[in-house]
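Trainee: Numbering (our numbering), first residue to last: 24 to 214.
For glycine and all other residues, C-beta sits at the position ideal for the given N, C-alpha and C.
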Amino acid sequence: MTDALLVIDMLNDFVTGEIAAERAERIVPTLERLLPAARDHGVPVVYANDAHLPEDFELAVWGEHAMKGTEGAEVIGALAPEKGDHVFEKRTYDAFYGTGLDEHLRSLGVDRLVLTGLHTNMCVRHASASAFFRGYDLVVPVDAVDAFTETDHRRGLAYLEEVYGATVTTADDLVAEWEAADARAETEAAE
Ligand code: ZN
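1) In the DSSP assignment, what are the bridge partners of alanine 150?
2) Could you please give the first and the last residue of the uninterrupted alpha helix (DSSP H) stretch that includes histidine 109?
3) Tell me whether asparagine 72 sits in a helix, a strand or coil according to DSSP, three-state version.
4) Can you tell me where the alpha helix (DSSP H) holding threonine 174 begins and where it ends?
5) Does the structure place the region 77-84 close enough to the region 122-135 that three or more beta carbon pairs sit under 8 Å?
6) Under the three-state reduction of DSSP, which class applies to threonine 53: helix, strand or coil?
7) So aspartate 36 and alanine 83 are supposed to be a Cβ contact under 8 Å. How far apart are they, rounded?
8) With which residues is glycine 140 paired in a DSSP beta bridge?
9) Of the choices Thr53, Val163 and Val147, whose alpha-carbon is the least far from that of aspartate 73?
10) Mark glycine 219 as exposed unless 16 or more other C-beta atoms lie within 10 angstroms of its C-beta, in which case mark it buried.
11) Does any heavy atom of the ligand ZN sit closer than 8 Å to the C-beta of alanine 204?
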């Protein structure tokens with residue numbers, strides 16, 4: 024399996040701004056560990072960020088948020104993209120729709136997508152659907168995604184498991200898996 028780590032909508036407006044969820048800050052410490060671990064293990068870190076234009080359909084539901092070019096649409100400082108990361112702007116719930124994300128993941132040889140960020144039952148779910156339709160395996164660290172309420176979060180997770188066959192894990196277990204894979208590769212290289 025070749026993984027990529029997708030970070031969805033960890034933006035100022037989602038964490039502290041226009042449509043802030045109180046629970047969004049709970050996953051920040053997990054992501055502060057998980058993102059550097061991914062980079063250390065050669066797992067591409069890919070951001071899918073709302074960058075809305077005034078015409079976007081979604082604004083009728085949510086009002087203005089994460090408008091393209093504003094501070095609200097920037098990734099929170101603690102999780103800012105680093106050199107070598109990849110950033111995609113999106114105009115819907117779906118990280119794949121009209122963004123070029125699929126082509127990018129394929130060029131990297133990715134066949135398993137790790138989904139993190141906000142919200143378990145909305146953008147994470149829609150990115151999962153699109154990834155599933157395109158043949159990717161899905162992994163969701165339960166402590167690296169969240170939603171507005173515990174019920175939304177739990178229902179979102181259950182849906183990902185039932186409908187897309189997503190593997191639900193934890194950030195620590197996932198990092199342990201990357202470490203084991205690296206150790207195996209080193210042993211094989213030494214033989
Ligand atoms: Zn949006």
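Mentor: Per the coordinate set shown:
1) The sequence position of residue 150 within the sequence shown is 127, counting from 1. Per DSSP, none; premise fails for alanine 150.
2) Here residue 109 refers to the residue found at position 86 of the sequence shown. Here histidine 109 belongs to no alpha helix (DSSP H); instead the beta strand (DSSP E) covers 109-113.
3) The residue given as residue 72 occupies position 49 in the sequence shown. Of the three classes helix, strand and coil, the one that applies to asparagine 72 here is strand, per DSSP.
4) Here the question's residue 174 lines up with position 151 in the sequence shown. Counting along the chain, the alpha helix (DSSP H) containing threonine 174 begins and ends at 173-187.
5) no
6) Position 30 of the sequence shown, counted from the first residue, corresponds to residue 53. In this structure, threonine 53 counts as helix in the three-state DSSP scheme.
7) The residue labelled residue 36 in the question sits at position 13 within the sequence shown. The residue labelled residue 83 in the question sits at position 60 within the sequence shown. Not a contact, Cβ separation roughly 17 Å.
8) Here residue 140 refers to the residue found at position 117 when the sequence shown is read from its first residue. Ile31 and Val168, per the DSSP bridge assignment.
9) Locating residue 73 in the sequence shown gives position 50, where the first residue counts as 1. Selected option, being the one with the closest Cα: Val147.
10) This structure leaves residue 219 out entirely; the chain is present only between 24 and 214.
11) For the purposes of this step, residue 204 is identified with residue 181 of the sequence shown, where counting begins at 1. Flag unset: Cβ of alanine 204 not near the ligand ZN.
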